[in-house]
Every structure is written in structure tokens, then in C-alpha cells.
Amino acid sequence: MTGAEASAQARSPRFQGKVAIVTGGAMGIGREFAEILAAEGAKVLITDVTDPEPFKAADSIQFERADVRSYDDAQRVTKLAVDTLGGLHILFNNAGTPGRLPRPPAIDLSLEEWDETVDINLRGTFLWTKAALPYLIDNGGGAIVNNASMLGIVGLPDSAAYCSSKGGVVQLTKGLALELIPHGIRVNAIAASFIDTKMFNDWLDLQEDPDKARREAMAKLPIGRLGTAEEVAHAAAYLASDDASFVVGHTLFVCGGYLAQ
Ligand SMILES: NC(=O)c1ccc[n+]([C@@H]2O[C@H](COP(=O)([O-])OP(=O)(O)OC[C@H]3O[C@@H](n4cnc5c(N)ncnc54)[C@H](O)[C@@H]3O)[C@@H](O)[C@H]2O)c1
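Counting from 11, one number per residue, gives the positions in the sequence shown under the working numbering.
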């Protein structure tokens, strides 16, 4: 039994009657989040620029191709979710890019590369939030979870655009949280460390010795191992659920202890 299935069996369905949109949900953290919500009763619309493999909860998860950089896509897909799934209660702004790998130092980072990283990670988060707000406000509330990063909290050399975009997501989360709580909309974020997804493995594959790089990354985390997409998705699902009804403007560290140092 997977964690998502066990969780669904142990609890009353936390997301019964809810409709969620997940950006970048074809793989990794977004995909696991969609499976968890669907296993606990939600109807989920995932978007991505990549087609997903079939979902376990195929009856409850639908895919719509969209680019988070496009406000037209955000408006179209949000309306589609409301019209076909019966409303909108949860938005997981998850799509992200690490930028060009290996990441160049700032002096070699082109303006186009800067723009692409900030457009996807930060501006995309704003665009999809903006598109969702009229519906969430109409509902009388909802939850927005933003996928930031530990690199929105601490710095890393050769990561100017990524750190800036994720730091922006953390601050966007706080600003929007205060603005939207009168509407019953809770906005929170998660900050993950090294998570064993395609994004992290793409970086590993570029290292001279990927196995050694993996061991070194694990050693940097006090917990001594990489995180899984499912572990991060569970943290995001908590923030999206009524279990987190008093949690507002928070960035939850899902980092195996890295940010406790
Ligand atoms: N993996 C890690 O170590 C890690 C650590 C901290 C934060 N994060 C963040 O978690 C989020 C999810 O990443 P992941 O690790 O699951 O990686 P992933 O590569 O498995 O998934 C990212 C998804 O985003 C999609 N995407 C990229 N650009 C897009 C665009 N313009 N429009 C729509 N979709 C787009 C990709 O196609 C992919 O399906 C990202 O925001 C990432 O920055 C990841």
C-alpha cells in the first residue's frame, strides 16, 4: 500500500468535495500532491508543459497542457476547472525550473536565463494566483500553497536567479497571506531541500561522478538522505487541508534538518 493510500484509509477524506489545481503536476512533487488529494476525495486538474504518465487516481485527476508563464493559460485552465469540476478550493503553485544546469555564475548568466527562471518560478506563481482569486473569493475561501525552496531562505553561489525567484515566492506568500485572509484564503509555502525528483537528478547527471555527488548531497542534510516527492507532497497537502486552518503566511521547511543548522 502506498503512503497516499494508507493516509486515505486512516483518515476521513480531508479533501472530499474539493477541487484543486496543480501547476507542474506531470511528475515529481506536483504529481504526488495530486495523487494524495485525489486519494482523499478531491477532483484535481493538473497542468504542465509535459504530458504525464497515467495517474493511479485517473478518474479524479485530469490533465490540461499549460505553461505557467502564460496568463491566458492561467485564466483558461482555471475557468475550465471551475466549469468542469464544480468550483475551485485549492491551488498548488508548484511548477518550477532550476534554470540552466550547471547554473552559471551571475557574470555569465544571460538576461534571458534570468527572465526565464523568474518568469516560471515567481511570476508564474503570481499569474496563477491572480487567475484563481475571483473564484476563491466567490467561494468564501480556499487554500493556496506555493512551492518555494530552501534556496528561498538561504543563499547558494551560482544561483542568483533561482535564489531570487524562490525568495520572492516566500515573500509573495507572506504578502498575499495578509491580504487574502479576510477572504478566508490561506496562503502558505513549503521550502524543500534536496528531493529525489527529475529536477535533482538532472543536476546529478551533470556532475563528474553522479554517485559521489548524490552521497555528498545526502551528507549535507542532517537526516542523512534525500527527501522524496511524496514527503514534500504530504507537507503541501497538510497546508492545503483544514488541518492547517490556523496556519497563515507560513513557509514550512521540508528539508531533513538543513535549515535548522
Ligand atoms: N527537487 C528538489 O530538490 C527541489 C527542492 C526545492 C524545491 N523544489 C521545487 O519543487 C517544485 C517541483 O519540482 P520537482 O522537484 O517536483 O521537479 P520535477 O522536475 O519533477 O517537476 C517540475 C515540473 O514542473 C514542470 N514545469 C516546468 N516549467 C513549467 C512551465 N513553464 N509551465 C508548466 N509546468 C512547468 C515540469 O515539466 C515538471 O513536470 C519546483 O518549483 C522546484 O523548484 C524542488
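Note that the Cβ used here is the ideal one computed from N, Cα and C, for glycine as well.
Beta-carbon spacing of residue i, residue j below 8 Å
{"i": "Ala-247", "j": "Ile-46", "result": "yes"}
{"i": "Ala-202", "j": "Gly-237", "result": "yes"}
{"i": "Ile-100", "j": "Gly-151", "result": "no"}
{"i": "Leu-55", "j": "Leu-111", "result": "no"}
{"i": "Tyr-172", "j": "Thr-88", "result": "no"}
{"i": "Asp-58", "j": "Gly-35", "result": "yes"}
{"i": "Ala-158", "j": "Thr-261", "result": "yes"}
{"i": "Val-92", "j": "Lys-53", "result": "no"}
{"i": "Ala-153", "j": "Leu-249", "result": "yes"}
{"i": "Ala-254", "j": "Glu-42", "result": "no"}
{"i": "Thr-183", "j": "Met-37", "result": "no"}
{"i": "Ala-105", "j": "Ile-71", "result": "no"}
{"i": "Gly-109", "j": "Thr-135", "result": "no"}
{"i": "Gly-259", "j": "Ala-142", "result": "no"}
{"i": "Ile-227", "j": "Trp-138", "result": "Looking at the sequence itself, residue 227 is Ala, so the reference to Ile does not match. Not a contact, by the Cβ cut-off of 8 Å."}
{"i": "Phe-73", "j": "Glu-50", "result": "no"}
{"i": "Ala-48", "j": "Ala-76", "result": "no"}
{"i": "Arg-225", "j": "Leu-214", "result": "no"}
{"i": "Ile-130", "j": "Thr-107", "result": "yes"}
{"i": "Ile-117", "j": "Val-155", "result": "no"}
Residue closest to residue i, alpha-carbon to alpha-carbon, out of the options
{"i": "Pro-23", "options": "Trp-213, Ser-251, Thr-135, Cys-265", "result": "Ser-251"}
{"i": "Asn-103", "options": "Asn-198, Gly-51, Cys-173", "result": "Asn-198"}
{"i": "Leu-166", "options": "Leu-182, Asp-253, Ser-120, Arg-113", "result": "Arg-113"}
{"i": "Ile-205", "options": "Glu-241, Arg-225, Leu-188, Ile-117", "result": "Glu-241"}
{"i": "Ala-170", "options": "Asp-221, Asp-77, Pro-115", "result": "Pro-115"}
{"i": "Gly-267", "options": "Ser-80, Val-180, Gly-234", "result": "Gly-234"}
{"i": "Leu-132", "options": "Thr-94, Val-78, Glu-122, Val-164", "result": "Val-78"}
{"i": "Ile-163", "options": "Gly-178, Trp-138, Lys-66, Ala-48", "result": "Gly-178"}
{"i": "Leu-98", "options": "Ile-130, Leu-216, Thr-107, Ile-31", "result": "Ile-31"}
{"i": "Val-180", "options": "Gln-217, Phe-263, Lys-66", "result": "Phe-263"}
{"i": "Ile-147", "options": "Pro-192, Gly-185, Ala-68, Ala-49", "result": "Pro-192"}
{"i": "Met-160", "options": "Asp-168, Lys-176, Asn-149", "result": "Lys-176"}
{"i": "Ser-4", "options": "Leu-190, Pro-220, Asn-211, Trp-124", "result": "No answer is possible for residue 4: it lies beyond the span of the chain, which begins at 11 and ends at 271."}
{"i": "Glu-189", "options": "Lys-140, Gln-217, Asp-212", "result": "Lys-140"}
{"i": "Asp-168", "options": "Leu-119, Val-257, Ala-245, Tyr-81", "result": "Leu-119"}
{"i": "Cys-3", "options": "Ala-245, Leu-121, Asp-221", "result": "Residue 3 cannot be examined here, being either before or after the span of the chain that is shown, 11 to 271."}
{"i": "Gly-96", "options": "Gly-27, Lys-222, Glu-122", "result": "Gly-27"}
Residues that residue i bridges to, as DSSP identifies them
{"i": "Lys-53", "result": "Val-29"}
{"i": "Asn-103", "result": "Asn-156"}
{"i": "Phe-256", "result": "Phe-256 pairs with nothing; no bridge assigned."}
{"i": "Val-128", "result": "Bridge partners of Val-128: none, in fact."}
{"i": "Leu-262", "result": "Ile-200"}
{"i": "Asp-118", "result": "DSSP output for Asp-118 lists no bridge partner at all."}
{"i": "Asp-58", "result": "Arg-75"}
In chain order, what are the residue ranges of uninterrupted alpha helix (DSSP H) at least 4 long that sit wholly in the segment 168 to 237? 170 to 190, 208 to 215, 220 to 230
Which runs of the beta strand (DSSP E), 3 residues or longer, sit entirely within the segment 70 to 100? 71 to 75
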